[in-house]
Every structure is written in C-alpha cells, then in structure tokens.
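Following UniProt numbering, the numbering of the sequence shown begins with 1 at its first residue and continues without gaps.
We put the beta carbon where it would ideally sit given N, CA and C, even for glycine.
Note that the structure is a prediction, hence the values are computed from the model and not measured.
Taking it in order: structure first as structure tokens, then the write-up.
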Amino acid sequence: MTDLQHNSDAQAKERHSVAIFGGTFDPIHNGHLRSAIEIKEALGVSELRLMPSHRPPLRGAPGAESRQRLAMVNAAICGEVGLFSDDRELKRDGPSYTVDTLRDLRVEMGEAVSLTVVMGSDAFNQLHRWQDWQSLFELANVLLLHRADHPVAAQADVDQFTAARRVTDVCSLKTMSAGGFYELGLIQLPISATDIRQRLASGRSIRYLVPDAVASYIAEHGLYTMKDIGNPV
Ligand code: ATP
C-alpha cells in the first residue's frame, strides 16, 4: 500500500474497524481483559479480536496447549460485547509471525478496513526482532500500549520508523486502513501470566486475577502444575 493511499484512507471517515490483540494468553488474565475493553473504547472499533499465538516466535513453548489457551480466551470473553477470539494462528504450522497473520486478515477483509494491531511495550521493545517488522505498518496501524513494568525502549531504527508514522489522536487510527502509530497510556492491572503460573505451581490461589470461568478451566484440566508451567527463553 502506498503513502498516497494512506492519505486518502485518512480522509474516509466511516470504515469498518478491527483491532487485533495478540498474545500467548498462557493463561488470559484480568490485566489483558481490562486493557482489551479500554483499547476497544479508546479506538472506537467495532471488533477487538484476542488472538492466541500458536507458536510464539520469541519465547519458549507455552505451558498450556494452543487449543486450551484458546478455550480459556473464549471462556473469558463469553458475553462481552465487541470482544472476539480469532483462532487463525492455530491453523498455521511454523512460528506464528504477526506479519503472516496480517496478510491473511487483509486477504479476508480487503484493503479498506481499518486494522490496528495492539502491542504492549514489552513486545514493542523487541520489534526489531520480529519477522519483516516494517511490513506490519503497510498492513495495519500499530497501537503501542504502555506497561508500567516495561518502559518503552525500542531500538533507534524502530523509534525513527514509528515517529514518522505517529498520529496525534487515537481516533485517527479508525479512519486509516494502515500505517498509523499511536502510544496509549493506560492504567494497567499489575497482573502477569508468569505470576499466575507460578502461583498455580506453588498451590496458591489465582482468584480475582482471572475470570472464574478461566480458573475453573485451569482446575478441571490440571493446568500449570510444576511440570508444565512453561518457561520464557
Ligand atoms: P507472560 O507473563 O507469560 O509473559 P503476559 O501476562 O505478559 O504473559 P502475554 O500473553 O505475553 O501476557 O501478553 C499479551 C499482550 O498483553 C502483550 O501485548 C502484553 O504486553 C499485554 N499484557 C500483558 N499483561 C498485561 C496487563 N497486566 N495489562 C495490560 N496488558 C498486558
């Protein structure tokens, strides 16, 4: 997509808008869910899709299987208006590169839809290691989510690249099909999946950190016992 197309896209006021919030979701927790709702409201998108990564390229194997992580996402968002899951990465073999996912979404949705991919500052700081990372901006807008425990510290070339694409108002992303960049500061719940796995492995409670339906799924399937808590590389 050319810059010219991006400009004319920016002038189109009404377009279908979708945000993609990807992650390992091992397991999904209330930090993810609270942010998902706030992102959806801030962007004003009609759909926010939580997309579990099948084979996260930059970390070790997850503690739960992909289909279990998807099931927990579905249990967590059941009945929540505007939040959806998207299982397309589970249907592809090999590393789950976001650029491949966005290409797939573009084929499905067409060029006009406003597509925004959300990433936390922990992910953004590693963006230079992502497959074909510059192409992400030809396929989608990028919303950077500040995380208190991960100050933004991207590589200089990523900084320069994103600065040139920065928009001043989060609402502008909805009017662009791709190519925009915005940093959103949210008050986030200090919850991490790593901490939840550790609590489970040591027999402690995870109540109020995840929705009850997710806690029940974990208990029923005996997930995150000591042998399978999953270790980031
Ligand atoms: P882990 O502890 O296993 O690394 P995590 O809790 O960071 O997991 P991920 O599945 O890796 O969760 O994160 C998916 C996305 O959600 C990332 O963009 C990440 O920055 C964001 N995220 C993670 N935790 C929170 C939180 N507490 N609030 C808001 N966003 C979060």
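So who's on the other strand from residue i, going by DSSP bridges?
{"i": "residue 23", "result": "52"}
{"i": "residue 181", "result": "142, 166"}
{"i": "residue 18", "result": "47, 115"}
{"i": "residue 59", "result": "Per DSSP, none; premise fails for residue 59."}
{"i": "residue 147", "result": "150"}
Nearest to residue i by alpha carbon, out of the options?
{"i": "residue 82", "options": "213, 48, 220", "result": "48"}
{"i": "residue 145", "options": "136, 123, 134", "result": "123"}
{"i": "residue 52", "options": "18, 100, 178, 90", "result": "90"}
{"i": "residue 169", "options": "143, 149, 150", "result": "143"}
{"i": "residue 107", "options": "33, 37, 200, 139", "result": "139"}
{"i": "residue 34", "options": "26, 21, 46", "result": "21"}
{"i": "residue 94", "options": "175, 116, 131", "result": "131"}
{"i": "residue 190", "options": "32, 24, 15, 23", "result": "32"}
{"i": "residue 207", "options": "30, 18, 26", "result": "30"}
{"i": "residue 196", "options": "116, 181, 185, 210", "result": "210"}
{"i": "residue 38", "options": "188, 155, 193, 199", "result": "188"}
{"i": "residue 113", "options": "173, 50, 222, 23", "result": "173"}
{"i": "residue 24", "options": "69, 36, 15", "result": "69"}
{"i": "residue 137", "options": "65, 222, 219, 115", "result": "115"}
{"i": "residue 110", "options": "18, 205, 220", "result": "18"}
{"i": "residue 153", "options": "119, 125, 44", "result": "125"}
{"i": "residue 15", "options": "42, 46, 41", "result": "46"}
{"i": "residue 218", "options": "117, 76, 50", "result": "76"}
So what does DSSP say about residue i, is it helix, strand or coil?
{"i": "residue 102", "result": "helix"}
{"i": "residue 116", "result": "strand"}
{"i": "residue 214", "result": "helix"}
{"i": "residue 220", "result": "helix"}
{"i": "residue 65", "result": "coil"}
{"i": "residue 83", "result": "strand"}
{"i": "residue 207", "result": "strand"}
{"i": "residue 34", "result": "helix"}
{"i": "residue 29", "result": "coil"}
{"i": "residue 78", "result": "coil"}
{"i": "residue 88", "result": "helix"}
Using a 10 Å radius around the Cβ and a threshold of 16 neighbouring Cβ atoms, would you call residue i buried or exposed?
{"i": "residue 102", "result": "buried"}
{"i": "residue 128", "result": "exposed"}
{"i": "residue 97", "result": "buried"}
{"i": "residue 67", "result": "exposed"}
{"i": "residue 28", "result": "buried"}
{"i": "residue 224", "result": "buried"}
{"i": "residue 164", "result": "exposed"}
{"i": "residue 54", "result": "buried"}
{"i": "residue 86", "result": "buried"}
{"i": "residue 56", "result": "buried"}
{"i": "residue 233", "result": "Caution is warranted here: a pLDDT of 37 is assigned to residue 233, below 50, making its placement in the model unreliable, and the coordinate value is therefore given only provisionally. So residue 233 ends up on the exposed side."}
{"i": "residue 166", "result": "exposed"}
{"i": "residue 179", "result": "buried"}
{"i": "residue 177", "result": "buried"}
{"i": "residue 185", "result": "exposed"}
{"i": "residue 204", "result": "exposed"}
{"i": "residue 44", "result": "exposed"}
{"i": "residue 64", "result": "buried"}
{"i": "residue 148", "result": "exposed"}
Measuring only from the beta carbon, is residue i closer than 6 Å to any heavy atom that is part of ligand 3?
{"i": "residue 51", "result": "In terms of ligand content, the structure shown lacks ligand 3 and carries ligand 1 instead."}
Margin query: So, does the stretch 54–61 touch the stretch 207–227, judging by three or more C-beta pairs under 8 Å?
Written below: no
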